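Engineer: Sharing a structure here in structure tokens format.
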Ligand SMILES: Nc1ncnc2c1ncn2[C@@H]1O[C@H](COP(=O)(O)OP(=O)(O)OP(=O)(O)O)[C@@H](O)[C@H]1O
Ligand SMILES: Nc1ncnc2c1ncn2[C@@H]1O[C@H](COP(=O)(O)OP(=O)(O)OP(=O)(O)O)[C@@H](O)[C@H]1O
Ligand SMILES: [Mg+2]
Ligand SMILES: [Mg+2]
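Protein chains in written order, with our numbering: chain A, 1 to 339; chain B, 340 to 673; chain C, 674 to 954; chain D, 955 to 1239; chain E, 1240 to 1851.
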């Protein structure tokens, strides 16, 4: 049914185009104003049937970036400039030019799994109601049909349909996480946005959840944008990854390439710091502390912590340039050695 | 013993303790009161008559004996508990020898009828308005309604009632301003009687509602403004769930839970009556009974009314603690 | 050989459930292990979520009383430490590190308040002497008092905060640190700095550490001994490398296999294996 | 402190309005110290004069200037109300925090006392106490009694806040940092409790004023001391509303409404200022 | 719809009644039961005689159940009463002397019943030699025994023997429904206590009141309704839902006069509207508390009062001032006030340094001048009329004389503060009851202000419901209340004076029997009282003794009489006319007086009433 609506010419076009996006937290409390440049000039495209991973350390702006993409901004977050455009076969969506149209597209074409989504279910209602509220009106089914559709969907995701009659607190964290994934996919959207869906789950459950996401994506042929700081997770499911540092995209490329030949020193560090089961050799930690996004370092934002920094890095901001397999923003791109 | 039973027993024990302490405290204060019921009756009987001093002394002795006010404090205290346990508060001293219980039973239906209704209406309106105002923060109508409610909040109930009485009793005399029902209409389930009950209850109820709505409004609004930033609400908004649904099922429903406790307490305190409103509109409820009792030094009556009220509130707290898990699925007992 | 910490068939039962359905939950079932006083070590507890790890930690810290069994710290029954004086003496020797460094410090209190308070209560020092003690402790974790003084938790990174938490725990000169998932909320790049720090503490200061985690990779990386918990039971225990290299129990094996390698090809393979295993069930 | 005030005034319209309203009423009340007549004197002026250039708010049927009566009345009522509020806040905070934090037997004992007081019907108890105390019943005693009856609901609220804080990691951390119970309560938990305190203070103040009025209406007021309730009492004795002397009652009520609105605005803006959440975003969380 | 369900408005008289706590209770003889204000005693009970407090001479006396005035024997140890014939209880049983004997004997046998105590004290035996005669044999000589059966406000009501003889415990019997001995009988009542409706008996002629009537009373129903607080009462009267108000504040009265003038009637046709009750609000001093035992101090305090301000402040001028210690109402005007004017004017007071004449006979004119700007033509110019409205005169405020009196008593003034002889400041706590009697509370505040201004710091102490008890126990320094009540319609002062005898004075702290609450003790007073006991009720010597007492009271100033208790009791004339007034004082004005029954049967339907 989905495939039928996608006509030939659009098949090749990317499903999401983000251009020069800037989103800042602008706050003013009793005379103290702060501006946190959490997304600073990001341009990226995401194709159909692709899993795109976004990595980066805590508070580098990963969540903010995908919130902005999902059109889930609330004050004090503001989109300062740039555009986010979706292309869902028949319907084009420019998130910030025509925000009204977003509402109709939500869950139908685009679903979003929030960070901490274990806690996004209404604590005083049964899980069943969440499906009714979010999905029912998009499906055009009778209540009974809808019910069996939901149950079928849950079964396919390895969930017992009886969970529908539970309250969220009666379920374990992993269970709730899987439920939110089920909720986000029951309408079979073309685009799924997921923010740290596996953090805070134990390894076994984490693996299940990853497997689930992969399954769903393959079955629906959807595109997934996926955020986590856990590089091993990216390794397992992402087709391409983008590395974010201090609000900027610093490197992007196919997962294999990024792991094998990181171009940016930060990427290289992320990959090399991972301990490997069975390996007890001492790993270095990145020196210094994360940049302050309301007063970011000049030039390349990574330079205060960069082992390769040169004077140029302090003053000039390296542009994101295309490479053979991806893009990178570093004056000394490719000079790093992987440990 | 299993956890729940243990909890129940402990909670029940606490309930008994609360009632015991509360009633004992009232007993103590009441007994310290300088109003002497014998003197009150004597002065009532002699105030306008030419009664000679010797007779007055005789009368005083006879009444003291009749009222059974002899005996030490402890004796009276013990016999009081003995009676309470049997659900009997002894004879009223100001309406001797009518049992206090039958006076209370006469007043109780009125109070319960009026106050339960008023409390529930107040609660619903206050919470509804508060929730709407907290959720749709920029709506002009709601802002206006909110400002009105807030401005009414600090106005003493007595003034509100008096103004209503002037408006609907005098300037535009459409409502009865005094009493509980039409005169010469005996209580019955007829249309006339019920209509008259409603008409007579309108002004007192309006007073109670106007005076009480602000409290609920303010607390509900602040609860709601906290809840709207909760993840599950934000998520529902992102999921394109309709505003009305978010409001009712996601915001209001969560915010209402703590308010339920408040409602239970208010319903519990219904037994004490609404002194000022009953006083103003001559409503034949517990508040009026109580004030009469205090004025006439009728300990038995005062103790009866306060004991009822204490027990009712304690039960309300107890019950709400027990049923809370039913209304809030997150709460566990034990 | 004297015993530092000893758990003897410790169990903990919670009663849970709502109004109608009530049941008991055995969070910990007969845990028994001991730490040696003379040989400091990193003792790791791994296990899935809800397997009872935190419960054990809380019982060791005296925040929870075992339903049955005893926990002795240097010969004293931890649950019997009633008086404030004895509690303080105990806390001087056993200190915790918490999971979420942002949560472990009150965001409205300056960080040094925790440090000074610890110094005053356990060392009885104030003013310059306290400054000195703090600086020493902070130096162990690669920080200095000047960097920390007067700052609030949001002004520092998670890794820094976690190191300050460690420094604070070091001030009374503890014999044992109980760290409940100290790195799970810290991102990958900071994780190593904490884990490395634990090693240093053990080696340089002779502090024993109970390290609770579900991250097998770091467990393997630093621990001396490990126990694996599953639904309240200790299902496997022993020398860390030995256990993790060659797990005996099915569950331990599954746990080990669930660890994704940091290499796309291997990771995808692992995930595929998992997927087929799940769909086969 | 001064800087905070300045910031609040400059950047927060609500605070500014609240401040102006409250300060206005406060100054007005303060003015009674400079009143041209003693505040209990009667029949110094022609009675029943409507508002006019000479008597801005008119005169009462007792020949008093409503303006100056009100000024004293607001002062006295506020003194009473604030005394009740402060005392009951102290009780509520102490009991709520100790009970919530210590838990166990302490909690049970304190909450039993608390529930007992919740169950006591306020007005009857106050009336009874009034009778018992008789001439010794002056406003400080009344304030104390009201304070004793007026803290219990809020203690429960505060307790629930502290209960949720008690299991937060920073509390456990503080224990292991050797902080004593008072230190933990005051340094760690009080900032989270303060918004509740401010918020409930408003309602408590209104309740206290309402209590004063109620008692006055029932005839229990110290008629030697002008208060809002006392003004209503005397107006009532003179059937002022029926007799058309509306200014005797209307102006004091308007003043109370203004005062309350002012205090409410102050409370919400100060709350925003001290609320841990907004404070954090200000500091940069 | 009818205002009262099922009862035509123009057949019903609606009277302000109380809120009954215990609406099912109709036993007049239980403790407190005889003091009912809901029509029970006013409309259904009867006894031997009535005195109209507003009447003068013979017209004030009514033989009700008794066929004649009381007959005493020589030494007042026996009283014989002849009863009227043809009087029946409402259930058809004839009223006889047996009912009277039963009443007395039952009450003696049941201590606690309303009149048990006085019967026990006085009656040795009672017998009915025939159905129309009752003979009381008394324990001791008592020339006023008949007053137990003489109604001013209430009295010992006769019990229906045929009802009570079957009752085991007459104290616990609710007597519901009550049989009536008077012209009305219970129709229905509100269990919630807000109203009671009485209806005219079909056999109304077979009652003591009915026998005197020529045609049937026009009021078919009497409704006692609790019409709420004073504001509500005013509104209800203006809405024509309340024909008779018992008492409201002067301002409420003025509002009615202003807004419903044409539809209302009052005791006086215009200002001051009020009905002066035969009670005498005064400043009471506790003679057992120093320095109030000192006559000079009391007189000084009296002379510090500017009575015009008190009249304006308490009643807005509508006060009937009293310089004598008896209320200036009813027959007291002719018996005491008019005859004593000259004596008052000549009265000299020794201030210690000189002699003054404190009496000012022109106060009525002065007050008239004060209220004329507001009431204009309502205020007549005739000095005699003014005296009826505002009283005959009062003491002139004389600060200098007061100063001299205080100095005579050993007081000194420091700055603006009087010091007692022992050197401590002279302060007074002036007790008032409060909003139960608002006008007196107002008078208290203004007197306190006057004393304070002259250097005696006075605070007003509102006693509320504890007022009566504190007065009784002597727990006060000074108070505004009354200890003088009279028949109004009869010059005999024994009504209150009997209890002024020093035999009954108790030490401080013990309860003083009613009336002599100031604990005034004086041998001259005892002598007057003792003489009065030996004189028959209707003996002209009674008035002479009264004058003696009044003169003594002026000299001693045991309390400062202020005024009659003026009661604002406006009537709505929309449905009924012919209410009593100063011009036609055939009954007292006010629903709580038992002789209200004479008003009810005299009312005439207003032909212009709206037809329902
Ligand atoms: N509501 C907010 N108000 C102000 N600043 C915010 C807000 N949310 C996030 N920030 C700031 O924006 C920056 C980026 O935050 P963001 O949540 O996007 O980071 P992240 O990369 O998702 O981190 P994490 O891995 O911890 O989720 C941080 O400095 C954060 O402090
Ligand atoms: N206070 C409590 N009341 C009831 N049940 C509890 C309580 N504390 C813990 N439990 C239960 O005990 C079990 C063990 O919990 P514990 O927190 O020790 O697990 P854990 O291994 O630390 O898990 P995680 O990895 O999620 O932190 C869980 O099922 C938990 O729900
Ligand atoms: Mg994030
Ligand atoms: Mg845990």
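C-beta atoms are modelled at their ideal positions from N, C-alpha and C, and glycine is treated no differently.
Keep in mind that this is a model prediction, so the values were computed, not measured.
Given 7 Å as the limit, tell me if residue 195 of chain A has its C-beta closer than that to any heavy atom belonging to ligand 3.
Structural biologist: Locating residue 195 of chain A in the first chain gives position 195, counting from the first residue. Yes.
Engineer: With a cut-off of 8 Å, does the C-beta of residue 574 of chain B fall near any C-beta of chain A?
Structural biologist: Here residue 574 of chain B refers to the residue found at position 235 of the second chain. Taking Cβ atoms only, chain A reaches closer than 8 Å to residue 574 of chain B, which makes this a yes.
Engineer: Going along chain A, which residues have a C-beta under 7 Å from residue 589 of chain B?
Structural biologist: Along the second chain, one-based indexing puts residue 589 of chain B at 250. Correct list: 122.
Engineer: Can you pull the chain D residues whose beta carbon is under 7 Å from the beta carbon of residue 1802 of chain E, in chain order?
Structural biologist: Working through the fifth chain from its first residue, we reach residue 1802 of chain E at position 563. In chain order: nothing, as chain D lies at least about 17 Å away.
Engineer: Check whether the Cβ atoms of residue 1003 of chain D and residue 994 of chain D lie closer than 8 Å to each other.
Structural biologist: Here residue 1003 of chain D corresponds to residue number 49 of the fourth chain, with the count starting at 1. Here residue 994 of chain D corresponds to residue number 40 of the fourth chain, with the count starting at 1. Not a contact, by the Cβ cut-off of 8 Å.
Engineer: What does residue 1098 of chain D touch in chain C if you count any residue whose Cβ is under 9 Å from its own?
Structural biologist: Here residue 1098 of chain D refers to the residue found at position 144 of the fourth chain. Those do not exist, as residue 1098 of chain D stays about 33 Å from chain C at its closest Cβ, beyond 9 Å.
Engineer: Any chance you could list the residues with Cβ under 5 Å from a heavy atom of ligand 3, keeping chain order?
Structural biologist: Here the residues come out as A/63 and A/115.
Engineer: Would the C-beta of residue 293 of chain A count as close to ligand 1, meaning under 7 Å from any of its heavy atoms?
Structural biologist: Locating residue 293 of chain A in the first chain gives position 293, counting from the first residue. Yes, the beta carbon of residue 293 of chain A sits closer than 7 Å to at least one heavy atom of ligand 1.
Engineer: Strictly under 8 Å for the Cβ-Cβ distance: is residue 673 of chain B near chain E by that measure?
Structural biologist: Here residue 673 of chain B refers to the residue found at position 334 when the second chain is read from its first residue. Note that residue 673 of chain B has pLDDT 42, beneath the 50 cutoff, so the model's placement of it is unreliable and the number below is only indicative. Answer no: the Cβ-Cβ gap between residue 673 of chain B and chain E never drops below 8 Å.
Engineer: Can you tell me whether DSSP reads residue 1395 of chain E as helix, strand or coil?
Structural biologist: Against the fifth chain, residue 1395 of chain E aligns to sequence position 156. Residue state, collapsed to three classes: coil.
Engineer: Looking at C-alpha atoms only, which residue of C/941, C/917, C/904 and C/906 is the closest neighbour of residue 898 of chain C?
Structural biologist: One-based indexing of the third chain puts residue 898 of chain C at position 225. Checking every option, the nearest Cα to that of residue 898 of chain C belongs to C/917.
Engineer: Compare the C-beta of residue 1107 of chain D against all C-beta atoms of chain C and say whether one is closer than 8 Å.
Structural biologist: Your numbering for residue 1107 of chain D matches position 153 in the fourth chain. No, its Cβ sits nowhere closer than 8 Å to a Cβ of chain C.
Engineer: Rounded to whole angstroms, what is the Cα-Cα separation between residue 1309 of chain E and residue 1318 of chain E?
Structural biologist: In the fifth chain, counting from the first residue as 1, residue 1309 of chain E sits at position 70. In the fifth chain, counting from the first residue as 1, residue 1318 of chain E sits at position 79. So the two alpha carbons sit approximately 7 Å from each other.
Engineer: Which partner residues does residue 1802 of chain E have in the DSSP bridge list?
Structural biologist: Here residue 1802 of chain E is taken as the residue at index 563 of the fifth chain, counted from 1. Per DSSP, E/1560.
Engineer: Under 6 Å Cβ to Cβ from residue 920 of chain C, same chain only, skipping five residues before and after it: list those, please.
Structural biologist: For the purposes of this step, residue 920 of chain C is taken as the residue at position 247 of the third chain. So the list reads 926 and 929, once near-sequence residues are dropped.
Engineer: Applying the criterion that 16 or more other CB atoms from any shown protein chain within 10 Å of the CB defines a buried residue, is residue 1854 of chain E buried or exposed?
Structural biologist: The requested residue 1854 of chain E is not part of the displayed model; chain E covers only 1240 to 1851.
Engineer: Heavy atom of ligand 1 less than 7 Å from the Cβ of residue 972 of chain D, yes or no?
Structural biologist: Counting from one through the fourth chain, the residue named residue 972 of chain D turns up at place 18. The answer is no for residue 972 of chain D.
Engineer: Closer than 7 Å to a non-hydrogen atom of ligand 6 - does that hold for the CB of residue 117 of chain A?
Structural biologist: This structure lacks ligand 6; the ligands present are ligand 1, ligand 2, ligand 3 and ligand 4.
Engineer: Looking at the strands, I want to know which residues DSSP matches up with residue 1724 of chain E.
Structural biologist: Here residue 1724 of chain E refers to the residue found at position 485 when the fifth chain is read from its first residue. Partner(s): E/1518.
Engineer: Could you list which residues in chain A have their beta carbon closer than 7 Å to that of residue 737 of chain C, in chain order?
Structural biologist: Position 64 of the third chain, counting from 1, holds the residue named residue 737 of chain C. Chain A residues near residue 737 of chain C: none, gap ~21 Å exceeds 7 Å.
Engineer: Measuring CA to CA, which of E/1541, E/1595, E/1617 and E/1592 is closest to residue 1557 of chain E?
Structural biologist: Within the fifth chain, the letter at position 318 stands for residue 1557 of chain E. Cα-wise, what sits closest to residue 1557 of chain E is E/1617.
Engineer: Nearest chain D C-beta to residue 24 of chain A closer than 8 Å, yes or no?
Structural biologist: Mapped onto the first chain, residue 24 of chain A falls at position 24. It does not: the Cβ of residue 24 of chain A has no partner Cβ on chain D nearer than 8 Å.
Engineer: List, in order along the chain, the chain F residues whose C-beta lies closer than 8 Å to that of residue 1466 of chain E?
Structural biologist: In the displayed structure, chain F is absent; the protein chains listed are A, B, C, D and E.
Engineer: On the CB-based measure, 16 or more other CB atoms within 10 Å of its CB, does residue 1210 of chain D come out buried or exposed?
Structural biologist: Here residue 1210 of chain D refers to the residue found at position 256 when the fourth chain is read from its first residue. Result: buried.
Engineer: Below 8 Å on C-beta distance, what does residue 1086 of chain D contact in chain B?
Structural biologist: Residue mapping note: residue 1086 of chain D aligns to position 132 of the fourth chain, counting from 1. The contacting residues are 368, 371, 372 and 373.
Engineer: Against chain E, with Cβ distances strictly below 8 Å, would residue 495 of chain B count as a contact?
Structural biologist: The residue labelled residue 495 of chain B in the question sits at position 156 within the second chain. Chain E contact via Cβ: absent.
Engineer: Pick out whichever of C/830, C/841 and C/946 has its Cα sitting closest to the Cα of residue 794 of chain C.
Structural biologist: Taking the first residue of the third chain as position 1, residue 794 of chain C is located at position 121. Residue 794 of chain C has its Cα closest to that of C/841, out of C/830, C/841 and C/946.
Engineer: Can you list, in chain order, the residues of the segment 1703-1723 of chain E whose Cβ is nearer than 7 Å to any Cβ on chain B?
Structural biologist: Cβ contacts with chain B come from 1704, 1705, 1707, 1708 and 1711.
Engineer: Bridge partners of residue 22 of chain A, per DSSP?
Structural biologist: Residue numbering aside, residue 22 of chain A sits at position 22 when the first chain is read from its first letter. Looking at the DSSP assignment, residue 22 of chain A forms a beta bridge with A/40 and A/81.
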